[in-house]
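Numbering (this note's numbering), first residue to last: 13 to 147.
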């Protein structure tokens, strides 16, 4: 599901230093994508003021489900960040959110298929060994 959300966009990793040692720094710990976005709501007004002073912006963007890592090269769209470990991501445009979420889901399903095929291969090997030893 893709939902419109109010996001905090930070310009670079150094700008996140305005949050100091706060646990809220982890909201920007994205593994994939090219932006530093987080939901606006967990931040206090004073934290938002500091973020804006450091070059951050409050923007309207989109939250989406993120199942499996994908690369910028694969989705060929910019303006997003995501973490499969967190299971979600954020994008500046709905188009980016749709492309990234869809690509992530497709990768997830491919990985499930690979796992299933590997299990089937192991099962066949096991059955062959069983038949061999029963002779």
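Glycine included, every Cβ here is placed at the ideal spot set by N, Cα and C.
What are the boundary residues of the alpha helix (DSSP H) that includes residue i?
i           : result
residue 145 : 106 to 146
residue 86  : 84 to 87
residue 94  : It is not in any alpha helix (DSSP H) - residue 94 instead sits in the beta strand (DSSP E) that spans 92 to 95.
residue 66  : Run containing residue 66: none; DSSP gives neither H nor E here.
Could you check whether residue j and residue i sit closer than 7 Å to each other, using their CB atoms as the reference points?
i          : j           : result
residue 76 : residue 101 : yes
residue 74 : residue 94  : no
residue 63 : residue 30  : yes
residue 84 : residue 49  : no
residue 89 : residue 109 : no
Measure the C-alpha to C-alpha separation of residue i and residue j and round it to an integer number of angstroms.
i           : j           : result
residue 72  : residue 40  : 17 Å
residue 15  : residue 106 : 9 Å
residue 52  : residue 34  : 15 Å
residue 92  : residue 124 : 25 Å
residue 135 : residue 118 : 26 Å
residue 46  : residue 58  : 26 Å
residue 144 : residue 98  : 46 Å
residue 142 : residue 126 : 24 Å
Counting only the same chain and skipping the five closest in sequence on each side, list residues whose C-beta sits under 6 Å from that of residue i.
i           : result
residue 116 : 78, 79, 80, 82
residue 67  : 23, 27
residue 113 : 76, 77
So, at 8 Å on beta carbons, what are the nonlocal neighbours of residue i in its own chain, with the 5 sequence-adjacent residues on each side left out?
i          : result
residue 96 : 43, 44, 78, 79, 80, 81, 116
residue 54 : 36, 39
residue 17 : 51, 52, 72, 73, 74, 75, 102
Grab me the residues of residue i's own chain with a C-beta within less than 7 Å of its C-beta, minus the 5 sequence neighbours each way, in chain order.
i           : result
residue 61  : none
residue 111 : 87, 89
Residue range of the beta strand (DSSP E) that residue i falls in?
i           : result
residue 56  : Run containing residue 56: none; DSSP gives neither H nor E here.
residue 100 : 100 to 103
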